[in-house]
Amino acid sequence: MNLADSAFLRACRRRPVTHTPVWFMRQAGRSLPEYLKVREGVPMLTACATPELIVEITMQPVRRYGVDAAIFFSDIVVPLKAIGVDLDIKPGVGPVVAQPIRDAAGLDALRPIEPGDVTYVTEAIEALVGELGGTPLIGFAGAPFTLGSYLIEGGPSKNHDRTKAMMYGEPRLWHALMERLSGIVLEHLRIQIRAGASAVQLFDSWVGAVAPDDYREFVLPHTRRIFDGLADLDVPRIHFGVGTGELLGLLGEAGADVVGVDWRVPLDEAARRVGPGKALQGNLDPAILLAPWEVVERKAREVLRRGRAAEGHVFNLGHGVLPSTDPDQLRRLTDLVHEA
Ligand code: CP3
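Residue numbering for the sequence shown is 0 to 339, as defined by numbering that gives the first Met the number 0.
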């Protein structure tokens, strides 16, 4: 089948579909025994820089579940590592940065990214496009706020205190940091699209910590630059964050074609908040998959029902698959969405 006719790309473009497309954030990963097997003894960032492993891990959930899209196996910190930022991904913790960025001198660590920095990404995407055939590949990147939080805090953070201290206390430094990051993110996404990705998702996972007025002032201009900078490539742009109920309209305003919704706001209400001209993606609570199948089925049908209020609906979870999820639940859920 022609890629452009895939249910996923059609739903992103708000065109009629024969079935609701479905994929899962973090569909490749620790819930899959075949993932744990190929990752044995291989550090996360090594896996992300090895084309054969990237291809294999990206394909695993496509083979197992028959989802409507693949998401490129990588991590949001990969482009930062590629330009020389000293960081690692610690198991059970997440990204950890050796020298957090807290002043103007720290910005020097962030030079522009070039295609030659991430040849393993290009190589893996070119191989994947051949293997996937009619199944679209989603490229992705972390958004400037979320990447900035890891760089400023030095690791994961509950309240993003230092991040907000810079945002409110040193706005010039903040905007300079966001500008560097948006340049890197834009180019990293363009590299993935040129290599063959047919949609992109920008993860601003932690931006739900910011109030709407502050989002408009400190975040939106930088995110908009990224989405505007992708317009000529004509692929659907998805924008997602956790706890963003109060920001849904602004996430769309920043320039996304598809707004990702976490599990806290029902999709019909999300459609109202986002307004016309956008598709929605979401939003089953990933923890529901830990309950018996009957519960999953009832809740998934509710998501599908409310999703009809959107101009286009891509079924997904409200955040990533939890590592303790039984893959059989995801297989049944994929079938349910396809048959419903
Ligand atoms: O969705 C997919 O299947 C594609 C792969 C993917 C990974 N990270 C692989 C990964 C994607 C899209 C990401 C994005 C990412 N990374 C985000 C945005 C998405 C979100 O969840 O909000 C964020 C915030 C990160 C930062 C990060 N990297 C975290 C919080 C963690 C988890 C730490 C832990 O061990 O609990 C990582 C590591 C990571 N990235 C893993 C995977 C499969 C687990 C590491 C491992 O398997 O050893």
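We put the beta carbon where it would ideally sit given N, CA and C, even for glycine.
Cα separation between Ala164 and Asp213? For the purposes of this step, residue 164 is identified with residue 165 of the sequence shown, where counting begins at 1. For the purposes of this step, residue 213 is identified with residue 214 of the sequence shown, where counting begins at 1. Answer to the nearest angstrom: the Cα atoms are 13 angstroms apart.
At what residues does the beta strand (DSSP E) containing Ala140 begin and finish? Position 141 of the sequence shown, counted from the start, is the residue given in the question as residue 140. That run of the beta strand (DSSP E) goes Leu136 to Gly141.
Can we count Gly93 as close to the ligand CP3, meaning its CB is less than 6 angstroms from some heavy atom? Position 94 of the sequence shown holds residue 93. True, at least one ligand heavy atom lies under 6 angstroms from that Cβ.
Quick check on the DSSP output: the alpha helix (DSSP H) that includes Asp267 runs from which residue to which? If you number the sequence shown from 1, residue 267 lands on position 268. Its alpha helix (DSSP H) spans residues Leu266 to Val273.
For Gly105, does the three-state DSSP call read helix, strand or coil? Residue numbering aside, residue 105 sits at position 106 when the sequence shown is read from its first letter. Looking at Gly105 - three-state DSSP - the assignment turns out to be helix.
Burial state of Thr19 (16 or more Cβ within 10 Å): By 1-based counting over the sequence shown, the position of residue 19 is 20. When all chains shown are included, Thr19 counts as buried.
How long is the line joining the alpha carbons of Ser181 and Glu152, rounded to whole angstroms? As a first step, residue 181 must be located in the sequence shown, where it is residue number 182. As a first step, residue 152 must be located in the sequence shown, where it is residue number 153. Each residue's Cα considered, the two are about 18 angstroms apart.
Cβ neighbour criterion (16 or more within 10 Å) applied to Pro42: To locate residue 42, count along the sequence shown from 1; it is residue 43. The residue in question, Pro42, is exposed, as its Cβ has fewer than 16 Cβ neighbours within 10 Å.
Inspect the beta-carbon positions of Ala72 and Thr49 and report whether they are closer than 7 angstroms. Position 73 of the sequence shown, counted from the start, is the residue given in the question as residue 72. Position 50 of the sequence shown, counted from the start, is the residue given in the question as residue 49. Note that residue 72 is Phe in the sequence shown here, rather than Ala. No, Cβ-Cβ distance for Phe72 and Thr49 is not below 7 angstroms.
Under three-state DSSP, which class holds Ile183? Start at 1 with the first residue of the sequence shown, and residue 183 comes out as number 184. Helix at Ile183.
Reference Tyr34; option with closest CA among Val16, Arg25, Thr45 and Gln59: The count along the sequence shown starts at 1 and reaches residue 34 at position 35. Ranking the options by Cα distance to Tyr34, first place goes to Gln59.
Give a yes or no on whether the C-beta atoms belonging to Ala10 and Gly311 are separated by under 7 angstroms. Taking the sequence shown and counting its residues from 1, one reaches residue 10 at position 11. Taking the sequence shown and counting its residues from 1, one reaches residue 311 at position 312. Going by C-beta atoms, Ala10 is nearer than 7 angstroms to Gly311.
Check whether Met177 and His238 have beta carbons under 7 angstroms apart: The residue you call residue 177 lines up with position 178 of the sequence shown. The residue you call residue 238 lines up with position 239 of the sequence shown. Taking 7 angstroms as the Cβ cut-off, Met177 and His238 do not qualify as a contacting pair.
To the nearest angstrom, how far is the alpha carbon of Arg307 from that of Leu335? Numbered from its first residue, the sequence shown carries residue 307 at position 308. Numbered from its first residue, the sequence shown carries residue 335 at position 336. Cα to Cα, Arg307 sits roughly 16 angstroms from Leu335.
Just verifying my parser: in three-state terms, what is the DSSP assignment at Lys80? Sequence index remark: in the sequence shown, residue 80 carries index 81 (1-based). Helix, per DSSP.
Give the secondary structure of Arg12 by DSSP, where H, G and I count as helix, E and B as strand, and everything else as coil. In the sequence shown, counting from the first residue as 1, residue 12 sits at position 13. Residue state, collapsed to three classes: coil.
What does the alpha-carbon distance come out to for the pair Val128 and Arg63? Here residue 128 corresponds to residue number 129 of the sequence shown, with the count starting at 1. Here residue 63 corresponds to residue number 64 of the sequence shown, with the count starting at 1. So the alpha carbons of these two residues sit roughly 18 angstroms apart.
Determine the direct distance from the alpha carbon of Pro211 to that of Leu247, and round the result to whole angstroms. As a first step, residue 247 must be located in the sequence shown, where it is residue number 248. As a first step, residue 211 must be located in the sequence shown, where it is residue number 212. So the two alpha carbons sit approximately 10 angstroms from each other.
Return the first residue and the last residue of the beta strand (DSSP E) that Pro94 is part of. As a working mapping, residue 94 is identified with position 95 in the sequence shown. Note, Pro94: beta strand (DSSP E), Gly93 to Val96.
Any heavy atom of the ligand CP3 closer than 6 angstroms to the CB of Met43? Locating residue 43 in the sequence shown gives position 44, counting from the first residue. Yes, Cβ of Met43 sits closer than 6 angstroms to a heavy atom of the ligand CP3.
If you draw a straight line from the alpha carbon of Ala126 to that of Tyr167, how long is it in whole angstroms? If you number the sequence shown from 1, residue 126 lands on position 127. If you number the sequence shown from 1, residue 167 lands on position 168. Approximately 44 angstroms between the Cα atoms of the pair.
CB of Arg25 to nearest heavy atom of the ligand CP3: below 6 angstroms? Locating residue 25 in the sequence shown gives position 26, counting from the first residue. Because some heavy atom of the ligand CP3 lies under 6 angstroms away, the Cβ of Arg25 counts as near it: yes.
Using alpha carbons as the reference points, say which of Leu232, Val184, Thr134 and Asn282 lies closest to Val66. For the purposes of this step, residue 66 is taken as residue 67 along the sequence shown, with counting starting at 1. Nearest option by C-alpha distance: Thr134.
Is the segment 294-303 touching the segment 252-260 in the sense that three or more CB pairs, one from each, lie closer than 8 angstroms? no
Between which two residues does the alpha helix (DSSP H) containing Gly168 stretch? By one-based count along the sequence shown, residue 168 stands at place 169. Residue range Asp160 to Gly168 is occupied by the alpha helix (DSSP H) that includes Gly168.
Which residue marks the beginning of the beta strand (DSSP E) containing Ala230, and which one marks its end? The residue given as residue 230 occupies position 231 in the sequence shown. Here Ala230 belongs to no beta strand (DSSP E), and DSSP marks it neither H nor E.
Would you please state the rounded distance, in angstroms, between the beta carbons of Glu169 and Val54? I believe it to be under 8 angstroms. Taking the sequence shown and counting its residues from 1, the one referred to as residue 169 is at position 170. Taking the sequence shown and counting its residues from 1, the one referred to as residue 54 is at position 55. That belief does not hold up - the Cβ atoms of Glu169 and Val54 are roughly 42 angstroms apart, past 8 angstroms.
Sorry if obvious, but does the Cβ on Arg29 come closer than 6 angstroms to a heavy atom of the ligand CP3? Within the sequence shown, the letter at position 30 stands for residue 29. Yes; taking the cut-off as 6 angstroms, the Cβ of Arg29 has a heavy atom of the ligand CP3 nearer than that.
Can you determine whether any heavy atom of the ligand CP3 sits closer than 6 angstroms to the C-beta of Gly259, and answer yes or no? Locating residue 259 in the sequence shown gives position 260, where the first residue counts as 1. Flag unset: Cβ of Gly259 not near the ligand CP3.
Which same chain residues end up closer than 8 angstroms to Leu8 when comparing Cβ atoms and leaving out the 5 residues on each side of it in sequence? Taking the first residue of the sequence shown as 1, we reach residue 8 at position 9. Cβ within range, chain order: Leu2, Pro135, Ser197, Ala198 and Pro235.
Cβ distance (whole Å) where Phe202 is taken to contact Ile75 below 8 angstroms: Numbered from 1 along the sequence shown, position 203 holds the residue referred to as residue 202. Numbered from 1 along the sequence shown, position 76 holds the residue referred to as residue 75. Rounded, the Cβ-Cβ distance is 6 angstroms, consistent with contact.
Between which two residues does the beta strand (DSSP E) harbouring Gly281 extend? Counting from one through the sequence shown, the residue named residue 281 turns up at place 282. Note, Gly281: beta strand (DSSP E), Ala278 to Leu283.
Closer than 6 angstroms to a non-hydrogen atom of the ligand CP3 - does that hold for the CB of Gly138? Here residue 138 refers to the residue found at position 139 of the sequence shown. Incorrect: Gly138 has no Cβ contact closer than 6 angstroms to the ligand CP3.
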